[in-house]
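Notes for the one structure printed next.
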Amino acid sequence: MSSEAREWVWEHSSSRGAARLVLLSIADRVADDQCISWASLSSLAKRTRASVSTVREAVERLLLAGELEQLDDLVGPQRSTVYRLPLAAEAVAQAQREQREEAGDTAVSDEPASPAKLRPSALRRYGIRPREVPESPARVRKPAVPETGRSRRKPARQRTGHRHSDVPATGTQNRSEPDLNRRYSSGGAAITSAAEWQVDPATHTWARQQGHLDRLGEQGLQAADAKWRAHRAAHAPRAAEAWAADWRSWITREHAPSRPNLYAVPGQNTAAHGGMTRAEKHTAALLAALDEPTGTEG
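Per our numbering, the very first residue in the sequence shown carries number 5; after that it's consecutive.
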């Protein structure tokens, strides 16, 4: 029945963003037509590639929207939380009624339109069982309508550790995404602007080994660096490795500051400049040869 539950989420759920992904992950574990599933916060965080705090907030939004119910008197495998998708269960029950009506079952009209009463005994095969000591007398826990947009239900006490050690407890959802409250992202890479980035020794060694320092000269290299920083001033902060790669690409395309003078007076400093390319040297030599006197002039 997980396929029907997932189909309902794709087609009819109003959830968005992380909440939609969390609901799809829960629907993927639906056991039968009761649309009951189980999951822990850490397992949902691992499957959705989100932080535990992001998953917790997504579950709260789904509970408030009525697209998810938390069954406190049941416990899933490895003491995981048991959920139910009530709207998906109604859709599944309605589809089953229509199929039976098409098959000619006359007893369908006497049945209620809402889903049937929960059958906990049918869930034992999936590892879902009644909790030994229920946390509350209510079977289904629904948070009260919040006054300021957030649930007033006291959050569950966090455990000392997570089942998946590689899932962050807090922070940004994507490890490559910079954390707005710190200068460093959750992955540990330094995030700086182009103006703050400095040419490291390895990049300077690269410029010398590739011949760019000889081609541009020290002053030309500094001028190219200043031009690069001016063009990158409005760019978003990046990691130092990204700035270094972009700077190298810029320096590779930069022309030497001394351009060849193809209209120089013949006989005066006709030697090719050190910054000329091979084509520019050949062109300068050809123009100089055309302007030299041959002795046949009248």
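From the three backbone atoms N, C-alpha and C, an ideal C-beta is built for every residue, glycine too.
Asked                                                                                                                                                                             : Found
Taking the DSSP output, what are the residues bridged to Tyr-87?                                                                                                                  : Ser-41, Gln-74
Just mark Gly-224 as buried or exposed, buried being the case when its beta carbon has 16 or more other beta carbons within 10 Å.                                                 : buried
With Val-56 as the anchor, note down where its alpha helix (DSSP H) starts and where it stops.                                                                                    : 56-69
What's the C-alpha gap between Glu-61 and Leu-67?                                                                                                                                 : 10 Å
Please check if any C-beta of chain D sits within less than 7 Å of the C-beta of Ala-35.                                                                                          : No chain D appears in the structure shown, which is made up of a single protein chain.
How about the region 28-44 and the region 71-89: do they share at least three Cβ pairs that are nearer than 8 Å?                                                                  : yes
Give the DSSP-derived three-state secondary structure of Thr-209 in the structure shown.                                                                                          : helix
For the alpha helix (DSSP H) containing Gly-224, list its first residue and its last residue.                                                                                     : 216-235
For the alpha helix (DSSP H) that contains Gly-21, what are its first and last residues?                                                                                          : 21-31
Check Arg-252 in the structure and name its three-state DSSP category.                                                                                                            : helix
Would you mind sorting Thr-152 into buried or exposed? The rule is 16 or more other CB atoms within 10 Å of its CB.                                                               : For Thr-152, the pLDDT reaches just 49, beneath the cut-off of 50, and the residue's location in the model is therefore unreliable, although a value from the coordinates is still provided. By the 10 Å Cβ count, Thr-152 comes out exposed.
Label Arg-129 either buried or exposed according to how many other C-beta atoms from any shown protein chain fall within 10 Å of its C-beta, with 16 as the threshold for buried. : exposed
What residue does the alpha helix (DSSP H) around Glu-11 start on, and which one ends it?                                                                                         : 6-16
Quick one: is Gln-226 buried, meaning 16 or more other Cβ sit within 10 Å of its Cβ, or exposed?                                                                                  : exposed
So, for Gln-100: in the same chain, excluding its five sequence neighbours on each side, which residues have a beta-carbon less than 8 Å away from its beta-carbon?               : Asp-37
Strictly by DSSP, which residues pair up with Val-79?                                                                                                                             : Arg-133
Should Glu-71 go down as buried or exposed, given a rule of 16 or more other Cβ atoms within 10 Å for buried?                                                                     : buried
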